[in-house]
Every structure is written in C-alpha cells, then in structure tokens.
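Colleague: If you read the protein sequences in the order shown, they are chains X and V. Following my numbering, the numbering of the first sequence begins with 1 at its first residue and continues without gaps. Following my numbering, the numbering of the second sequence begins with 294 at its first residue and continues without gaps. Glycine included, C-beta positions come from ideal geometry on N, C-alpha and C. Sharing a structure, written as structure tokens. Questions coming.
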Amino acid sequence: MRFRLTEDQQALRTWVRRLLERRWDAGALRAAAAGPARLDRELWRELGAAGLFALRLPETEGGAGLGLPEAVLVFEETGRALLPGPLLATHLAAGTVPGAATGRTVVAGVDGPLVEWLDAADAVLGDPTGAVPLRSADPLTPLHRVPGAAGGGTAEPVAVLLTAAEQLGTAARACEMAVQHARAREQFGRPIGAFQAVKHLCADMLVRAETARAAVYAAAVTAAPADVAAARLLADEAALRGTRDCLQVHGGMGFTWEAEVHLHLKRAWVRARRGGGGAVAEEALAADLLSGP
Amino acid sequence: MDLSDTPEEEEFRARLREWLAKVLPTLPARPSPDDWPGRRAYDLGWQRTLHDAGYADVHWGASPTTRLIFLEETERAGAPYVGANFVGLLHAGPTIAAEGTPAQRARWLPHILRGDEVWCQGFSEPDAGSDLAALRTRAWRDGDDYVVSGSKIWTSHAEVADWCELLVRTDPRAPRHRGITWLAMPMDADGVTVRPLRTLAGSAEFAEVFLDEVRVPAANRVGEENDGWRVTLVTLSFERGTAFVGEVVACRRVLGELARAARDNGRWDDPVLRRRIGRLAAEFRALWRLTQWNVSEAEASGGVPGAGGSVFKLRYSHARQELYDTAADVLGPDGLDLDRPWVLDRLSSLSYTIAAGTSQIQRDIVAERVLGLPKGR
Ligand SMILES: Cc1cc2nc3c(=O)[nH]c(=O)nc-3n(C[C@H](O)[C@H](O)[C@H](O)COP(=O)(O)OP(=O)(O)OC[C@H]3O[C@@H](n4cnc5c(N)ncnc54)[C@H](O)[C@@H]3O)c2cc1C
C-alpha cells in the first residue's frame, strides 16, 4: 500500500492548477459574477484542447488514457477554481457525443428534476422535455427544472465521484481563504486568527476537508460503490460546512457580493443536489451494511 | 495512489492471518472488566504469545505499513488489544528506544516486548491537565537518587503497573517548559500510594498516585535533567500516531452488528435511524482511508507520526461517540441497561474527546502547527 499521489499525479495537479490560474483567475470570476451567466466557448475549447474532457478516453480514441484518480485530481482543481459550465456532463459525454471530447460541443445533462446550463448546451444527455428556467441561487450556474421528473436523480458512480471531487476542491479552497483572512484581518489589536473561536472554525474546516480527501481519493482507486457513496457524503459535508464557516470568518465582508466566498457556497449547494443528494448515498451505505453474511 | 499490498505486505498479512487462526482458539477466556489483576495477566500473556511468535516489536520495530496490517488483521480476527501494555508498547517503549542510553534500552525494552512489565503514564496532575507544563510534582537530587514528592491523577492502569513514565519539576526557577525531567519510576518504591478512582463507567480504570519522598535512581532519567519537555513531545507524538487504528476496524465491525440488530428488532424501518447508520458507515470508511493516508505519509517522511495524528484524533473521537449514541437508539430502552452490549462502550467513549489531549487542545494544535495561525488563545 502506497496511498499517496505519484509524481505524475502531482505534476498533473500542478499543471491543471496553473492552467486554471492563467485562464480563469479572480478577475475573470468577478467579471462573470457581475453579469448574467454566459458560457465562454473559447475557454471551453481550450479546456478541450488541454484534454480535460478526453482525459479518460483511450489514446486510440484521441484521449489521454488516464484513469479515475487522475480525473478526480482534475475535478478537484476545477472545483477549487470555481470553474463554471457543464464540465461534468461534457466529460461524461466525451467518446459518445461527437465534439464533446474536444470541447467543440457543449453537453448538458438532466439530473433528476434539474438541468445545469441547458440553454448554453449543443447536446443534452437525458430528456429535458418541458424544462422551465428558474432563477438560480448560484449566479454562475443557470438551472432549469424538469416538471414531473423523479426526485431521485441518477446516482451514476462516476458522476457522483467527480462531483465529490469538485466539492473537495471547494472545501480545501474555503479553508485556505479562511486561514488567509484570519491571518490578515485584525481586531482588538491582533489578527483574528489568534482568537480560539476563529482558530477552531479553521481547524474543523481542515479536518473535514482532509477526511473527505482520503475518502474521495480512495474511492477513485477502488471505484467501489460504497466507497463512492462515502466519498460523496464526506465531500458534501466538507464543502457545505466549510464554505459556511469561511463566510463566518470573513464577517460582514463575507456577506458582500464582492467577496467570492458566497460563490463557492452557492456552487456547493448546487452540487449537493446532484444524483439524488446525500439521502441516496446514506441509504446505499445502510443497505450495504446488511448485504454481507 | 495504490491501496493494494506489495508482495512483502501480502506475505506478512497471510502469515499473520494463518498464525492468528491457529493461536486464537487456544487463548483463555477473557477476564471480567473489573478484574484488574486478571486483565493484567491476560494482556501480558497475549504479549508473551506475540513475542514468542516474533511479532513483539511490531509497534515500534516495524515499518508503519506493517504495523497497520498487524492492527487491522488482529482486530479483524478478534484478537486481544494491547490493553494494560498500552503505555509501555505505544509510548514509553518508543520514547526509551529513541531517547534512552544503551543501558536503559537494555534494561527496559526486552521486558516491555516480552510482556513481563506493565507501564503507566504519570503526566497529568490535579492542576496540570491541558496545561501540562504547569506540573508541580517536585524532584531534587540527593546523591545518586532523585527524591520525588507530589501527586498525579487519572493515571490509567496505575494499580497494576510496574513502572511509571513520570514527569517531575527539577528546576522550579526555570521557565515552565525548561525545568521538567522525564523519569522511569518503579511503582513498588517506598512512598508511592495508589488510590483507585472510579470512572463514570463505574470501573477503576485510572487512579490518583501520591508520591511522598520517593527515591528514584538518577540512572532512571531519560534525557538530560531539565530537558524533559522535549522528551515528552516525543512521547506525545507516539501517543497520537496510530494508536487508534485497530479501533477503527472494530468500530466498522460494531456498525455492521448494529445494522443487523436494528433489522432484527424492527428499528431498521425508521428511515431517520437507517440514514444515520448509513452516514456512520461513510464516516468510518473515511477514517480508515485517512489512516492509510497518514501511514503512507509517515512512511514517506521517515516514520515519525506528524500532526496528521491530531486531525485523525479529532474526527475519530467524535465519530466514536456518535456510533455508540446511535447504538443506544437502536437498543431503545435496553440502551439504559448496563448488561447490554455497547452500553458500557457508550460510557467509555465519553473519554475520547478528553484523554490524550482534549478536542479543544487538538484544534489549537491543528490550527497553529498545520495551518500556521498565530499563537494565543
Ligand atoms: C480515561 C482517561 C484516561 C487518562 N489517562 C491518563 C494517564 O494515563 N496519564 C495521564 O497523565 N493522564 C491521563 N489522563 C488525563 C488527560 O490527559 C487529561 O484529562 C486531559 O489532558 C485534560 O486535562 P484536564 O482533565 O485537566 O482538563 P482541563 O485542562 O481542566 O480542561 C477542562 C476543559 O477546559 C478546556 N480547556 C482547557 N484549556 C483550554 C484552552 N487553552 N483552550 C480551550 N479550552 C481549554 C478543555 O478542553 C476541557 O474541555 C486521562 C484522562 C482520561 C479521561
């Protein structure tokens, strides 16, 4: 057992982080949040050219021939960077929907009663008949509601796991932002990070993120349904509570539109609804406990 | 990332499994929880069995991964836990191995490994718990001996211990962390009085230890005089390292038993309870993965457990309490019956967020040492 990132995996993570820092920085994020959500097709094609969608396709089909662990690392980074767009659906469509692998075709997916980015998509996985737009709580993720669709959603393991990876990225980023702020912001003549109440919020954020990380990476290695369900629950918790605590550490500044904390929180809410939400995972794990001898 | 065994690990696991299957059926019955002399004899007997089969030094002689496999397999097979040997094997032994002189290593280590001698930990005092450096038990030099007076509290297994890893103040004028010394004190020395304390679980698991001019040979000092705080940090890093690994495996087993019990008594039909159990399954799966991650990291960085131990301890101690609280809900009214399984475990789980550093102190450690936030409370 060597449960650590290989050098290649570390290099991949660094490379994706750099790419996103260059193409999707704080300024781009703010500009996007200022107006109505719009998919940047040029960026989408660049991501396609960089291989983000074709990552798991065999090399014979023009992919990178990499596996779930690598996909998880990439999705963790896109989660961290708060990259908008139907990344998951397009990634899942690579190899089946022409043009998805290269980013030329933008693909949306129906997930239970919700569809992300329907209007921007060239192709849709699932049946969006009758979909009506709703005023999305996440300014960077347009949403449609599909009337009459079952609430369960598709708990397709790869989709659930990659969503968990994005949540993990958000959780790690939220912890980092909180720590940065806690070191810099002074009240009562000292950095607020010296106060135990703030310190403990940050410590708990890290504990949740690191526990989620172990669960998500392990699920990427085993691909076992119970591991994926566990990863999902831990990563949702780390992202939902982490972004909320991050907002708390930022105080009034956290409640302003200018601070990016709320964007992370809202995206975490959107992802937590995918695949039927945590209830599906909890029931699956409970059933798994009784499935043995 | 690789979660599978290497060929050597696989071989070690298979050999250990085979040996456990052979030896476990021959073990005597477990003594009752209140029979301390019986528990001592039982735990030492198990240590001797391990020793004779060549597994004695797995806690500090072997690689972290080997140790992980050992703990996983022994727990899975239902083998005895370290029990009364906890302090000797998991922190006094490693500390002496790291900081002791050749003579000290020769004097104590073989006995710990062979299971002849039990150790206890005399760190905490009535006025020095979380603030351990406030300890006041005094020791002064008299010829070849230190003379020790003061008192310790919450000393686990003190009643049945042969030796105590004792922290004393040797220089009351030095800054708090500077005047402390680490001594190995024989528990049968004149002037040592052990008064058992009843825990909230009803048993006498720990004790008060009164020290009245106890003579401890200066040769029993590990590390330099007044350098005991540094030695203590070595001890504490071992204490928080992988000490709980076997327990995570045990908790996963308990959770399976709990699910079956709920199915049998009809509580499984309650979706709220069922989902809570599902969430706990996720929790303990993740804690097991975190352990594997920490062990792989420790191995890559030379075997010393890092602050990852605090991250794990924080999460695990609360998860364990949630597990047994859930057990009580599965049991319903029987959850108040001390003769039922899990009810005593529920009581003892209450200590997990206190012993070996409270959750508040662990959070300080994580925030300051891992996240680099400024010191100050
Ligand atoms: C089952 C059990 C076995 C034990 N075995 C041993 C043993 O074998 N040997 C030994 O030496 N000791 C042992 N201990 C003692 C244990 O290490 C101490 O209880 C522990 O370190 C806490 O110290 P305290 O009890 O004095 O609590 P206190 O330090 O008085 O703390 C009380 C409360 O105040 C909080 N608190 C204290 N300081 C701070 C702070 N700076 N910031 C925020 N909150 C704070 C704590 O978190 C806690 O909630 C054992 C304890 C238990 C429960």
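Nearest to V179/X by CA position, among G242/X, E156/X, L143/X and A150/X, is which residue?
Modeller: As a first step, residue 179/X must be located in the first sequence, where it is residue number 179. Closest option to V179/X, Cα to Cα, is G242/X.
Colleague: By the 10 Å Cβ neighbour count, where 16 or more other Cβ atoms means buried, how is R668/V classified, buried or exposed?
Modeller: Within the second sequence, numbered from 1, the residue matching residue 668/V stands at position 375. Checking the sequence, you will find Lys at residue 668/V rather than Arg. Exposed.
Colleague: Checking 8 Å against the spacing of the C-beta atoms, do V453/V and P330/V come in under that value?
Modeller: Position 160 of the second sequence, counted from the first residue, corresponds to residue 453/V. Position 37 of the second sequence, counted from the first residue, corresponds to residue 330/V. Yes, these two residues count as a Cβ contact at 8 Å.
Colleague: How would you list, in chain order, the residues of chain X whose beta-carbon sits under 9 Å from the beta-carbon of K315/V?
Modeller: As a first step, residue 315/V must be located in the second sequence, where it is residue number 22. Going along chain X, no residue has its Cβ under 9 Å from K315/V, so there is no contact; the nearest lies around 23 Å.
Colleague: Using a beta-carbon distance cut-off of less than 8 Å, what residues from the segment 299 to 331 of chain V approach chain X?
Modeller: Taking 8 Å as the Cβ-Cβ cut-off against chain X, the residues of the segment 299 to 331 of chain V that qualify are T299 and E302.
Colleague: Does the Cβ of D245/X lie closer than 7 Å to at least one heavy atom of ligand 1?
Modeller: Numbered from 1 along the first sequence, position 245 holds the residue referred to as residue 245/X. No, the Cβ of D245/X stays beyond 7 Å of every heavy atom of ligand 1.
Colleague: Please specify which runs of the alpha helix (DSSP H), each continuous and at least 4 residues long, are wholly inside the segment 304 to 350 of chain V, giving them in chain order.
Modeller: The segment 304 to 350 of chain V contains these whole alpha helix (DSSP H) runs: 329 to 345.
Colleague: Taking a Cβ distance cut-off of 7 Å, strictly less, list which residues of the segment 83 to 102 of chain X are near chain V, in chain order.
Modeller: Correct list: empty, as no residue qualifies.
Colleague: Regarding Q653/V and ligand 1, is the C-beta to nearest heavy atom distance less than 7 Å?
Modeller: In the second sequence, the residue the question calls residue 653/V occupies position 360. Q653/V Cβ: within cutoff of ligand 1.
Colleague: For G95/X, name the three-state secondary structure that DSSP assigns.
Modeller: The count along the first sequence starts at 1 and reaches residue 95/X at position 95. The answer is coil: DSSP assigns G95/X none of H, G, I, E or B.
Colleague: Quick one: which residues of the segment 556 to 573 of chain V get their C-beta closer than 7 Å to a C-beta of chain X? List them in chain order.
Modeller: Listed by position, the residues of the segment 556 to 573 of chain V near chain X (Cβ gap below 7 Å) are R556, R567, R568, I570, G571 and R572.
Colleague: Report the partner residues of D111/X according to the DSSP bridge assignment.
Modeller: Here the question's residue 111/X lines up with position 111 in the first sequence. In the DSSP output, where bridge partners are listed per residue, D111/X has L114/X.
Colleague: Any heavy atom of ligand 1 closer than 7 Å to the Cβ of S610/V?
Modeller: One-based indexing of the second sequence puts residue 610/V at position 317. Not under cutoff, so the answer is no.
Colleague: Who are the Cβ neighbours of L285/X in its own chain at under 8 Å, not counting the five residues just before and after it?
Modeller: Taking the first residue of the first sequence as 1, we reach residue 285/X at position 285. Answer for L285/X: A226, A229, A230 and L233, listed in chain order.
Colleague: List, in chain order, every chain X residue whose beta-carbon is nearer than 7 Å to that of E590/V.
Modeller: Counting from 1 along the second sequence, the entry for residue 590/V is found at position 297. Under the 7 Å cutoff, chain X gives R4.
Colleague: In whole angstroms, what is the alpha-carbon distance linking Q614/V and I647/V?
Modeller: Against the second sequence, residue 614/V aligns to sequence position 321. Against the second sequence, residue 647/V aligns to sequence position 354. When rounded, the distance between both Cα atoms is 12 Å.
Colleague: Could you check which residue in E46/X, V115/X, V72/X and F255/X has the C-alpha nearest to that of Q9/X?
Modeller: Your numbering for residue 9/X matches position 9 in the first sequence. Closest option to Q9/X, Cα to Cα, is V72/X.
Colleague: Please state whether the Cβ-Cβ distance between R363/V and L309/V is less than 8 Å.
Modeller: Within the second sequence, the letter at position 70 stands for residue 363/V. Within the second sequence, the letter at position 16 stands for residue 309/V. A small fix is needed here, since residue 363/V is Phe in this sequence, not Arg. For F363/V and L309/V, yes; Cβs fall inside 8 Å.
Colleague: Using a Cβ cut-off of 8 Å (strictly closer), state whether T528/V contacts chain X.
Modeller: If you number the second sequence from 1, residue 528/V lands on position 235. It does not; no Cβ of chain X falls within 8 Å.
Colleague: From the DSSP output, in three-state form, read off W24/X for me.
Modeller: Taking the first residue of the first sequence as 1, we reach residue 24/X at position 24. In the structure shown, W24/X sits in coil (DSSP, three-state: anything other than H, G, I, E or B).
Colleague: Does K199/X come within less than 8 Å of chain V when only Cβ atoms are used?
Modeller: In the first sequence, counting from the first residue as 1, residue 199/X sits at position 199. Yes, K199/X counts as interfacial toward chain V.
Colleague: Once you ignore the five residues that flank R333/V on each side, which residues in its own chain have a CB closer than 7 Å to its CB?
Modeller: Here the question's residue 333/V lines up with position 40 in the second sequence. Closer than 7 Å at Cβ, skipping near neighbours: A377, V411 and V453.
Colleague: Could you check whether L52/X and V333/X sit closer than 8 Å to each other, using their CB atoms as the reference points?
Modeller: Lying before the first or after the last residue shown, residue 333/X is absent from chain X, which here runs from 1 to 293.
Colleague: Going straight from the alpha carbon of A432/V to that of A391/V, what length do you get?
Modeller: Counting from one through the second sequence, the residue named residue 432/V turns up at place 139. Counting from one through the second sequence, the residue named residue 391/V turns up at place 98. Their backbone Cα atoms lie some 24 Å apart in a straight line.
Colleague: Would a check of beta-carbon distances place R582/V closer than 8 Å to chain X?
Modeller: Here residue 582/V refers to the residue found at position 289 when the second sequence is read from its first residue. Yes, R582/V counts as interfacial toward chain X.
Colleague: First and last residue of the alpha helix (DSSP H) that includes L43/X?
Modeller: Here residue 43/X corresponds to residue number 43 of the first sequence, with the count starting at 1. Note, L43/X: alpha helix (DSSP H), R41 to A50.
Colleague: Expressed to the nearest angstrom, what Euclidean distance is found between the alpha-carbon atoms of R656/V and A159/X?
Modeller: On the second sequence, position 363 is the one that residue 656/V refers to. On the first sequence, position 159 is the one that residue 159/X refers to. Each residue's Cα considered, the two are about 34 Å apart.
Colleague: Are there any heavy atoms of ligand 1 lying less than 7 Å away from the beta-carbon of T448/V, as far as the coordinates show?
Modeller: Mapped onto the second sequence, residue 448/V falls at position 155. Yes; taking the cut-off as 7 Å, the Cβ of T448/V has a heavy atom of ligand 1 nearer than that.
Colleague: Which residues in chain X have a C-beta closer than 7 Å to the C-beta of T358/V? List them in chain order.
Modeller: Stepping through the second sequence from its first residue, residue 358/V is reached at position 65. Per Cβ cutoff of 7 Å: M1.
Colleague: Near T141/X, which residues of its chain fall below 6 Å by C-beta distance, leaving aside the five closest residues on each side in sequence?
Modeller: Within the first sequence, numbered from 1, the residue matching residue 141/X stands at position 141. Same-chain partners within the cutoff: E116 and V270.
Colleague: Using only the heavy atoms of ligand 1, determine whether one of them is closer than 7 Å to the beta carbon of F3/X.
Modeller: For the purposes of this step, residue 3/X is identified with residue 3 of the first sequence, where counting begins at 1. No, ligand 1 has no heavy atom inside 7 Å of this Cβ.
Colleague: For P191/X versus A184/X, is the C-beta distance shorter than 8 Å?
Modeller: Taking the first sequence and counting its residues from 1, the one referred to as residue 191/X is at position 191. Taking the first sequence and counting its residues from 1, the one referred to as residue 184/X is at position 184. Cβ atoms of P191/X and A184/X: closer than 8 Å.
Colleague: Which residues does DSSP list as the beta-bridge partners of L143/X?
Modeller: If you number the first sequence from 1, residue 143/X lands on position 143. In the DSSP output, where bridge partners are listed per residue, L143/X has E116/X and L134/X.
Colleague: Does ligand 1 have a heavy atom nearer than 7 Å to the CB of S530/V?
Modeller: Indexing the second sequence from 1 puts residue 530/V at position 237. No.
Colleague: Look up S444/V in the DSSP assignment and give the residues it is bridged to.
Modeller: Mapped onto the second sequence, residue 444/V falls at position 151. DSSP lists F503/V as partners of S444/V.
Colleague: Cβ of E116/X less than 8 Å from any chain V Cβ?
Modeller: As a position in the first sequence, residue 116/X is number 116, starting the count at 1. Not closer than 8 Å to any Cβ of chain V, the Cβ of E116/X fails to qualify, so no.
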